[in-house]
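Chemist:
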Amino acid sequence: MGRKPTGSRSTPALAALSAAGIAFTARPYQHDDGVSSYGLEAASALGVDPSRVFKTLMTSVDGSLVAAVVPVSGSLDLKALASALGRRKAAMADPTLAQRRTGYVLGGISPLGQRHPSPVVIDASVLDHPTVFVSGGQRGLDIELSPADLIVAAQALTAPIAGP
Numbered sequence: 000m001g002r003k004p005t006g007s008r009s010t011p012a013l014a015a016l017s018a019a020g021i022a023f024t025a026r027p028y029q030h031d032d033g034v035s036s037y038g039l040e041a042a043s044a045l046g047v048d049p050s051r052v053f054k055t056l057m058t059s060v061d062g063s064l065v066a067a068v069v070p071v072s073g074s075l076d077l078k079a080l081a082s083a084l085g086r087r088k089a090a091m092a093d094p095t096l097a098q099r100r101t102g103y104v105l106g107g108i109s110p111l112g113q114r115h116p117s118p119v120v121i122d123a124s125v126l127d128h129p130t131v132f133v134s135g136g137q138r139g140l141d142i143e144l145s146p147a148d149l150i151v152a153a154q155a156l157t158a159p160i161a162g163p
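Here the sequence shown stands for residues 0 to 163, where the numbers follow numbering that gives the first Met the number 0.
1. Helix, strand or coil for Asp164 per DSSP?
2. Could you check which residue in Gly139, Ala152, Ser134 has the C-alpha nearest to that of Tyr52?
3. Tell me, to the nearest whole angstrom, how far the beta carbon of Gly62 is from that of Tyr103; I am working on the premise that it is less than 8 Å.
4. Output yes or no for whether 7 Å exceeds the beta carbon distance between Pro118 and Leu105.
5. Taking Cβ positions, are Ser50 and Ser72 nearer each other than 7 Å?
6. Which value, in whole angstroms, describes the spacing of the CA atoms of Pro146 and Asp127?
7. On a Cα-Cα basis, can you pick out the residue from Ala123, Asp32, Leu75, Ala14 that is closest to Met57?
8. Is the Cβ-Cβ distance between Gly112 and Ala41 less than 7 Å?
9. Here's a check: name, in chain order, each residue in its chain whose Cβ is nearer than 7 Å to the Cβ of Gln98, leaving out the five neighbours to either side.
10. Is Ala147 near the ligand ATP - that is, is its Cβ less than 6 Å away from at least one heavy atom of it?
11. With DSSP as the reference, label Asp93 as helix, strand or coil.
12. On the CB-based measure, 16 or more other CB atoms within 10 Å of its CB, does Gly162 come out buried or exposed?
13. Please classify Arg114 as buried or exposed, where buried requires at least 16 neighbouring CB atoms within 10 angstroms.
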């Protein structure tokens, strides 16, 4: 895996990984503006199992923003997320607030390089794979890296937060 994106412009997520010296591969693909399931689109376009592609969902946990990272093949269990953080209640964050705080557009929110970083919780299934994919900070760009490097780069907690 390299450290330089090829065929795509740099994003804060790519810059953060490069600055940290973390190995990754930028995986650009042609995004279709008519598609709203961005993660499943990425899995299909990149030819990888959807369980290896993780989406970043911005949530509000007891009033604080938290990035929840789960496989695109499933969903987020909000109760499990709140429990993993020792909190009482989690809900999806307002999309406008999520975009403003992260500096990314919906469908391109990365757990890395956010304008105002939030705590990150990654579903424990991330550890089941040799490499995983997360958004590179724009629609049509994913980053492939090892789960251990993703956890370190995002300063993340892992916990079983995915639902069916």
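We put the beta carbon where it would ideally sit given N, CA and C, even for glycine.
Modeler: Walking through what the data contain:
1. No answer is possible for residue 164: the residues shown for the chain start at 0 and end at 163.
2. Here the sequence assigns Val to residue 52, which means Tyr is not the residue at that position. Closest option to Val52, Cα to Cα, is Ser134.
3. The pair is not a contact, with the Cβ atoms about 21 Å apart (cut-off 8 Å).
4. no
5. yes
6. 9 Å
7. Leu75
8. no
9. The answer, listed in chain order, is Val104, Leu105.
10. Among the ligands in the structure shown, none appear at all, so the ligand ATP cannot be discussed.
11. coil
12. exposed
13. exposed
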